[in-house]
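Data first, discussion second: the structure below is written as structure tokens.
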Amino acid sequence: MKQAKPYLVQALAAAIALTGTATIAAEGNKDQLNFNGSVRVNYGLALFDEASKEKGGDLKFDTATFGVDGKHGDWGLSAEYRVKADSHFIKFGYASYQFDPEWEVHFGIHHVPFGNRDYISHSWFYGVPYYLGFEDNYDNGIKFIRNEGSWHTDLAFYKNAEYGPTETKGFAPNLFTGEINGTQYNNEQTNQFNLRQTYTYDHNGGSTTLGGSAMWGQILNNDTNNSGDRYAIALHANTNYFGWGLQLQAMQYEFDAADAADANKIGMAVMGGTYEVASKGQIYQANLSKTFNTDFGSVQCYNDFGVLTPNVSDSNYDNSYQNVTGCTVSAGPTFSMIDFVLGKNMVWATEFDEHVGLPAIGSGWDKTINLNFGYYF
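Each residue of the sequence shown is one higher than the last, beginning at 467 in the working numbering.
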């Protein structure tokens, strides 16, 4: 896939920065084209890293986003491009068509329907399902969406990921072709089917959404041209009651790659990095939150807990844990996340264990303090 020219990105950034949220409306009708974006910075203090503690953490540019949403009759479009310090990539970009009051279709790079219809997390670190491609993921395909009263149905087919299998950039993890820690992977995800069904009912003080998800797809070995497969199933619930929120999800997954060098693990890539995950297991996520309305906006405090339990033939594989306690603060055009992260045998949250569900190298719980500040326009 061709990358955007740097001067085009700069021009778009300048135009949006000068105009705020730009809106182009067609004269005489309600068709609109809306531009939006954000700039975010991040502060991180890894308490398990002596260099990080000695200098009091690091403050870095995180992300600039540039988005567009448009509507013309029953047709629509939506896209977002992200620029980071060391890479840039598309998050999503698709066309939509409302062909019936209850049915809509999306075509392009769009959100993969699996798990909780919202996030199964509240923090900048996401939940454990994200690190295996099961939360806030975007791939290239077609999706049919039906809303009928309290019922919501997503039925989708994805031909492939948004970038090729040797590419490490992208917003959410995908299967990787290349070497990781001495193991050569030749895996490419293709021909994926997703089905998600949810039911929402209102009750005193809020609402509750219950649902189930299923996914199946091929794994092509692009060295031998043999195919394996992968699947995942999940049950999930999201309830809100007088400002309190509870999210629950339990899922089973398996990556069965053809001609694998080691059938117990598989390689993933995201945002310029690579790591390995257990090829089969269960993931459990439980999140509790409380939202407070304030004079300046709102504050939501939460505790997100997730665990992956591997179910592979190697008995040395260990559970991975991530617990995030924090708050988000929404005030005007700003949105901030303040997190305290506990990680055990968990990628990005531990000193030595740059994997999920593999044999542990470190011991105990590692700790990270993270602050993310964003300005949206």
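The C-beta atom is built at its ideal place from N, Cα and C for all residues, glycine as well.
What you are looking at is a predicted structure, and each value in this text was computed from that prediction instead of being measured.
Check for me: the beta strand (DSSP E) holding residue i runs from which residue to which?
i, result
"GLU720", "710-722"
"PRO776", "763-776"
"ASP832", "832-842"
"PHE818", "First-last for PHE818: undefined, no H or E at that position."
"GLY672", "672-687"
"PHE850", "The shown model of the chain, from 467 to 843, leaves out residue 850, and the question about it has no answer."
"ALA726", "No beta strand (DSSP E) holds ALA726; DSSP gives it neither H nor E."
"ALA698", "693-707"
"TYR613", "The amino acid at residue 613 is misidentified as Tyr; the sequence shows Asn. ASN613 -> beta strand (DSSP E) spans 604-614."
Identify whether residue i lies in helix, strand or coil by the three-state DSSP scheme.
i, result
"GLU520", "helix"
"VAL594", "helix"
"ALA470", "Residue placement at ALA470 is poorly supported in this model, since its pLDDT is 38, which falls under 50; the coordinates still yield a value, given next. Residue state, collapsed to three classes: coil."
"MET737", "coil"
"LEU513", "coil"
"VAL578", "coil"
"THR485", "Confidence at THR485 is low in this model, with a pLDDT of 37, below 50, so its placement is unreliable and the value that follows should be read with caution. Note: THR485 maps to helix in three-state DSSP."
"LEU824", "coil"
"ASN759", "strand"
"ILE586", "coil"
"PHE555", "strand"
"TYR783", "coil"
"ASN500", "strand"
"PHE659", "strand"
"GLY539", "coil"
"GLY599", "coil"
"THR690", "coil"
"SER796", "strand"
"SER802", "strand"
"SER829", "coil"
"GLY494", "Its pLDDT being 48, under 50, GLY494 is placed unreliably by the model, and the measurement read from it follows with that caveat. Three-state result, GLY494: coil."
Return the bridge partner residues of residue i from the DSSP annotation.
i, result
"GLY530", "A small correction: the amino acid at residue 530 is Ala; Gly does not occupy that position in the sequence shown. In DSSP, ALA530 forms a bridge with VAL505, VAL549."
"GLN788", "GLY772, GLY809"
"THR632", "Bridge partners of THR632: none, in fact."
"THR649", "ILE646"
"ALA744", "LYS731"
"GLU570", "ILE611"
"PHE637", "Beta-bridge pairing links PHE637 to no other residue."
"SER562", "GLY542, HIS572"
Should residue i be flagged as near chain C, meaning a C-beta pair shorter than 9 Å?
i, result
"ALA512", "The structure shown has no chain C; it contains just one protein chain."
Quick check: the region 723-743 against the region 550-564, are there 3 or more CB pairs under 8 Å? The region 723-743 makes contact with the region 550-564; the number of CB pairs closer than 8 Å reaches 3 or more.
Say whether the region 643-656 touches the region 739-751, bearing in mind that this needs 3 or more beta-carbon pairs closer than 8 Å, one atom from each stretch. Note that the region 643-656 touches the region 739-751; at least 3 beta-carbon pairs, one per stretch, sit closer than 8 Å.
Looking at C-beta atoms only, is the number of pairs between the region 620-631 and the region 657-666 that lie closer than 8 Å three or more? Yes, they touch.
Below 8 Å, how does it come out for the region 831-839 and the region 795-812: are there three or more Cβ pairs, yes or no? Taking 8 Å as the limit for Cβ pairs, the verdict is that the region 795-812 does touch the region 831-839.
Would you say the region 722-730 touches the region 664-674, given that touching needs at least three Cβ pairs under 8 Å? Three or more Cβ pairs closer than 8 Å define a contact, and the region 722-730 falls short of that threshold against the region 664-674.
Say whether the region 703-710 touches the region 588-595, bearing in mind that this needs 3 or more beta-carbon pairs closer than 8 Å, one atom from each stretch. Touching, no, given that fewer than three Cβ pairs across the two stretches are closer than 8 Å.
Meets three-Cβ-pair contact criterion under 8 Å: the region 816-831 and the region 774-793: The way I'd put it, the region 816-831 does touch the region 774-793; three or more beta-carbon pairs between them come closer than 8 Å.
Three CB pairs or more closer than 8 Å across the region 608-618 and the region 630-637: Three or more beta-carbon pairs separated by less than 8 Å are not found between the region 608-618 and the region 630-637, which leaves the two stretches without contact.
Are the region 677-684 and the region 574-583 in contact at 8 Å, needing three or more beta carbon pairs? In short, these stretches touch, since the Cβ pair count reaches three.
Decide yes or no for the touch test of the region 528-536 against the region 564-576: beta carbon pairs closer than 8 Å, at least 3 of them. These segments do not touch.
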